[in-house]
Amino acid sequence: VDGSLILSSLPRIRLPRRLKVAGDLVLTYSSFPSLPEELFVGEDLILSDSSACELPAGLHVGRRLVLEGLSGLVFPDPFEIEGDLVINETQVVLPSVLRIGGRLHLQRSPLTSLPPHVSVGLTLNLRDSAIASLPDGLHVGGDLDLTGTPLAKLPRGLVVGGMLQASEARFDTLPDDLR
76 VDGSLILSSL PRIRLPRRLK VAGDLVLTYS SFPSLPEELF VGEDLILSDS SACELPAGLH
136 VGRRLVLEGL SGLVFPDPFE IEGDLVINET QVVLPSVLRI GGRLHLQRSP LTSLPPHVSV
196 GLTLNLRDSA IASLPDGLHV GGDLDLTGTP LAKLPRGLVV GGMLQASEAR FDTLPDDLR
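Residues in the sequence shown are numbered consecutively from 76, following my numbering.
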């Protein structure tokens with residue numbers, strides 16, 4: 076598809092293997108057992124208010140992967156995306172290795188922890204999420220927003236390349252090796 080592909084309210088849709096969408100791929104209010112192997116999306120992949128089982132290995136998303144109102148979505152392990160990953164009010168199973176080239180937004184996410192091996196090239200937004208622990212050695216290339224999280228402490232070896240914001244936080248000390 077040279078432009079975007081928008082599919083909504085389809086009871087059970089099966090997409091062709093090696094589907095290539097130059098623009099956005101939007102799947103809303105639909106049911107799909109899995110996305111096709113070697114799926115290529117040039118811009119945004121938006122999965123909203125749908126049921127899905129797993130993201131395929133070899134998935135390419137050019138700009139943003141947006142997950143909203145989903146439950147039980149499983150990521151391949153490891154998982155890497157050049158752009159942004161947005162998980163909003165969605166229950167997912169994250170991989171043990173997660174590399175985000177852009178921004179990771181988990182605002183209002185029910186997730187309680189991040190994988191042990193996660194790196195974020197730009198912003199990590201955890202505002203008002205349920206994240207209660209961060210992995211040791213977490214590296215965030217840009218800003219880290221911890222506003223309204225239940226974090227009791229910050230991890231050892233935390234590196235933040237931009238601003239660290241922690242309004243309404245529960246921790247009362249910063250790690251000695253914070254950079």
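We treat Cβ as the ideally placed atom computed from N, Cα and C, and that holds for glycine. Here the structure is a predicted model, which is why all the values come from computation and not from measurement.
Residues near M238 in its chain [Cβ-Cβ closer than 6 Å; skip 5 each side]: On the sequence shown, position 163 is the one that residue 238 refers to. Excluding sequence neighbours, M238 sits near D218.
Any non-hydrogen atom of the ligand ZN within 8 Å of P111 CB: You won't find the ligand ZN in this model; it holds no ligand whatsoever.
For V141 and D119, believed in contact at Cβ under 8 Å, the rounded distance: Mapped onto the sequence shown, residue 119 falls at position 44. Mapped onto the sequence shown, residue 141 falls at position 66. That belief holds up - the Cβ atoms of D119 and V141 are roughly 6 Å apart, short of 8 Å.
Contacting residues, own chain, Cβ-Cβ under 6 Å from L159 (five flanking each side not counted): In the sequence shown, counting from the first residue as 1, residue 159 sits at position 84. It is Asp, not Leu, that sits at residue 159 in the sequence shown. Result list for D159: R139, G177 and R178, in chain order.
Nearest to V167 (by Cα), restricted to the options P250, P225 and S126: Position 92 of the sequence shown, counted from the first residue, corresponds to residue 167. Looking at the Cα atoms, S126 is the closest of the given residues.
9 Å Cβ cutoff met for I206 and T224: To locate residue 206, count along the sequence shown from 1; it is residue 131. To locate residue 224, count along the sequence shown from 1; it is residue 149. For I206 and T224, yes; Cβs fall inside 9 Å.
Per-residue DSSP class, three states only, for K95: In the sequence shown, residue 95 corresponds to position 20, counting from 1. DSSP places K95 in strand when its eight states are reduced to three.
Other residues of its chain near L102: CB distance less than 6 Å, five sequence neighbours each side excluded: The count along the sequence shown starts at 1 and reaches residue 102 at position 27. Counting only Cβ-Cβ distances below 6 Å, and skipping sequence neighbours, we find L82, L122 and S125.
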